[in-house]
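What follows is a single structure, written as structure tokens, with notes after it.
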Amino acid sequence: MADLNVDKFLSSLTRGTHCLITHRNADLDAVASALTLREIISKKMYVDDVYVIFPDGMDSLSKFFLNSLDVLNSHYTYVDSDFHKCCDFYVVVDAASNEQLGRFSDLETYSLVDHHEVNTLIDKAEIKLYDPKRKSTSEIVAYLALKSGVELSDRYYTLLIGGILYDSRSLYLADEVTFSILSELIRLGGNYVRARNLLTRRTSLDYSERIARLKGMSRLGIYKAGKYLIVITCIGAYEGNTLRSLLDNGADVAVALAHRDGGFRVTIRVSEEVVDELGRPLAGLLATYLANKLGGSGGGHSSASGSIIKCGKAEEVLRALESYFRSLMGNFKIVDEGRWLEECSQHG
Ligand SMILES: [Mn+2]
């Protein structure tokens with residue numbers, strides 16, 4: 001793997017209370033990375049006071065996965081609002097910007113383990129295990145596990161396989177490094193079939209997710225910049241999955257706004273083909289552009305990103321999107337305005 005400074009990271013570990021923090025509403029990659037990193041640190045340092053903090057908790061798939069593998073331990077896992085211990089060291093895991101850290105958003109001194117292409121936490125990180133070429137943070141933590149000489153129980157290897165499958169979208173994004181790490185994890189006792197089954201057993205969607213997806217579609221605005229179709233909607237939850245389904249239905253770029261603390265949580269998805277064509281991490285760049293223009297913070301991947309913006313006027317968000325795509329493609333046209341602007345202006 002590209003010059004990852006594993007030795008430096010391992011030798012920086014000292015005794016003391018370590019606190020690992022993931023991004024908000026942690027997904028399986030964040031959860032697998034943080035819990036496994038916790039195992040590595042506690043075994044390497046012979047200490048128990050290593051805590052994992054999930055700002056706003058974790059998503060439903062992660063809960064299901066952890067419960068099935070029986071790795072969730074309430075002695076050292078916390079939601080940010082419930083965590084009140086003192087930490088000597090902070091490690092940020094699988095997060096791209098301050099705002100993703102919930103109650104810990106003003107963290108000043110920390111190490112970073114991450115793979116997001118657009119990451120505004122890198123500059124301040126003291127020690128970093130960072131490789132934007134990796135498809136998941138789980139790959140980086142797996143590599144660390146292999147190099148550290150620490151022996152983990154099989155379920156952590158299975159958990160890491162789950163994190164890799166999740167963030168690589170079931171290996172759609174995988175490359176040779178992903179495959180070689182996966183094969184190592186399986187050789188060490190990780191159960192690929194178990195991880196795959198746990199990931200796909202989520203057959204029926206929750207009622208609330210079905211409603212969010214359908215609402216997202218019913219109020220959709222459709223715009224065009226150059227040859228690209230950009231859709232914008234306004235929903236309060238399940239933005240990521242709703243946007244993914246909009247891409248599947250023909251959108252090139254999909255954006256969702258959700259009211260949060262007087263401003264908006266903005267979620268962005270861009271199709272892989274568009275990212276390839278443009279040759280730049282469009283989703284991540286757009287998220288940081290909106291945050292800079294409208295106040296707040298944002299970052300992410302080439303095809304998936306998000307920002308938290310302070311401006312609560314949906315029209316200003318539309319204007320910012322318009323100006324971004326105008327400068328990128330030369331024009332920005334309305335195909336069908338839909339009802340999203342109205343919806344997003346109503347409740348705050
Ligand atoms: Mn990730």
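Just so we're aligned: 119 in the numbering used here is position 119 of the sequence shown, and the numbers increase by one with no gaps anywhere. Just so you know, even glycine gets a beta-carbon here, dropped at the ideal spot from N, CA and C. The model shown is predicted, which means the values in this text are computed figures rather than measured ones.
Inter-residue Cα distance where the pair is residue i and residue j
{"i": "Y223", "j": "A256", "result": "14 Å"}
{"i": "L121", "j": "N98", "result": "7 Å"}
{"i": "I127", "j": "L229", "result": "41 Å"}
{"i": "G338", "j": "L107", "result": "40 Å"}
{"i": "H118", "j": "H301", "result": "The residue you asked about is not His; residue 118 is Val in the sequence shown. Spanning the two alpha carbons is a distance of roughly 6 Å."}
{"i": "N25", "j": "S327", "result": "33 Å"}
{"i": "E209", "j": "R15", "result": "43 Å"}
{"i": "L101", "j": "Y157", "result": "26 Å"}
{"i": "I40", "j": "S12", "result": "13 Å"}
{"i": "S42", "j": "L20", "result": "12 Å"}
{"i": "S170", "j": "G295", "result": "35 Å"}
{"i": "G149", "j": "N5", "result": "15 Å"}
{"i": "V253", "j": "I268", "result": "7 Å"}
{"i": "I53", "j": "S307", "result": "20 Å"}
{"i": "G298", "j": "V31", "result": "21 Å"}
{"i": "P281", "j": "E273", "result": "12 Å"}
{"i": "Y51", "j": "F325", "result": "43 Å"}
{"i": "E316", "j": "I164", "result": "37 Å"}
{"i": "D248", "j": "D80", "result": "34 Å"}
{"i": "N73", "j": "T137", "result": "21 Å"}
{"i": "L220", "j": "T288", "result": "23 Å"}
{"i": "A195", "j": "V266", "result": "30 Å"}
{"i": "D59", "j": "Q346", "result": "28 Å"}
{"i": "L144", "j": "R155", "result": "17 Å"}
{"i": "D123", "j": "R201", "result": "39 Å"}
{"i": "E239", "j": "K85", "result": "32 Å"}
{"i": "Y76", "j": "F104", "result": "17 Å"}
{"i": "L199", "j": "L243", "result": "20 Å"}
{"i": "A125", "j": "M329", "result": "35 Å"}
{"i": "K333", "j": "L341", "result": "16 Å"}
{"i": "L214", "j": "D206", "result": "12 Å"}
Residues bridged to residue i [DSSP beta-bridge criterion]
{"i": "L129", "result": "V113"}
{"i": "A225", "result": "Y228"}
{"i": "I53", "result": "I21, Y78"}
Residue span of the alpha helix (DSSP H) that contains residue i, given as start and end
{"i": "F64", "result": "60 to 69"}
{"i": "I41", "result": "28 to 45"}
{"i": "A96", "result": "Counting along the chain, A96 falls outside any alpha helix (DSSP H), and DSSP gives it neither H nor E."}
{"i": "I384", "result": "Residue 384 cannot be examined here, being either before or after the span of the chain that is shown, 1 to 348."}
{"i": "F9", "result": "6 to 12"}
{"i": "L199", "result": "192 to 200"}
{"i": "Y76", "result": "No alpha helix (DSSP H) contains Y76, which DSSP labels as neither H nor E."}
{"i": "G216", "result": "207 to 218"}
{"i": "C86", "result": "Here C86 belongs to no alpha helix (DSSP H), and DSSP marks it neither H nor E."}
{"i": "L188", "result": "Where L188 is concerned, there is no enclosing alpha helix (DSSP H), given that its DSSP letter is neither H nor E."}
Inter-residue CB distance, residue i and residue j (contact presumed, cutoff 8 Å)
{"i": "D167", "j": "K135", "result": "6 Å"}
{"i": "V141", "j": "S68", "result": "In fact, because the Cβ distance is near 20 Å, the residues do not count as touching under 8 Å."}
{"i": "A251", "j": "V231", "result": "4 Å"}
{"i": "L146", "j": "E176", "result": "Not really, about 16 Å apart at Cβ, beyond 8 Å."}
{"i": "H18", "j": "D94", "result": "Not confirmed; about 16 Å, so no contact."}
{"i": "C234", "j": "E343", "result": "4 Å"}
{"i": "Y90", "j": "Y110", "result": "4 Å"}
{"i": "V47", "j": "L159", "result": "About 21 Å separates the two Cβ atoms, so there is no contact after all."}
{"i": "G162", "j": "F65", "result": "6 Å"}
{"i": "G312", "j": "F264", "result": "7 Å"}
{"i": "L37", "j": "L61", "result": "So it is not a contact: roughly 20 Å between Cβ atoms."}
{"i": "G226", "j": "N331", "result": "7 Å"}
{"i": "K293", "j": "A320", "result": "5 Å"}
{"i": "S303", "j": "V270", "result": "5 Å"}
{"i": "F9", "j": "L129", "result": "5 Å"}
{"i": "I186", "j": "E139", "result": "Their Cβ separation, rounded to whole angstroms, is 14 Å, which puts I186 and E139 out of contact at 8 Å."}
{"i": "I309", "j": "L290", "result": "6 Å"}
{"i": "G279", "j": "S305", "result": "Not really, about 17 Å apart at Cβ, beyond 8 Å."}
Residue range of the unbroken beta strand (DSSP E) whose run includes residue i
{"i": "V93", "result": "89 to 93"}
{"i": "D248", "result": "Unbroken run through D248 is the alpha helix (DSSP H), 239 to 248; no beta strand (DSSP E)."}
{"i": "I232", "result": "228 to 234"}
{"i": "K333", "result": "333 to 336"}
{"i": "L20", "result": "18 to 21"}
{"i": "F104", "result": "F104 -> no beta strand (DSSP E), and no H or E assigned at all."}
Any C-beta of chain D under 7 Å from that of residue i
{"i": "S74", "result": "Considering every chain present, this structure includes no chain D. It has just one protein chain."}
Every unbroken beta strand (DSSP E) inside the stretch 250 to 325 [3 residues or more]: Counting whole runs of 3 or more residues, the stretch 250 to 325 contains the beta strand (DSSP E) stretches 253 to 260, 263 to 270, 296 to 300, 304 to 309.
Continuous beta strand (DSSP E) assignments of at least 3 residues falling wholly in the stretch 127 to 175: Correct list: 128 to 130.
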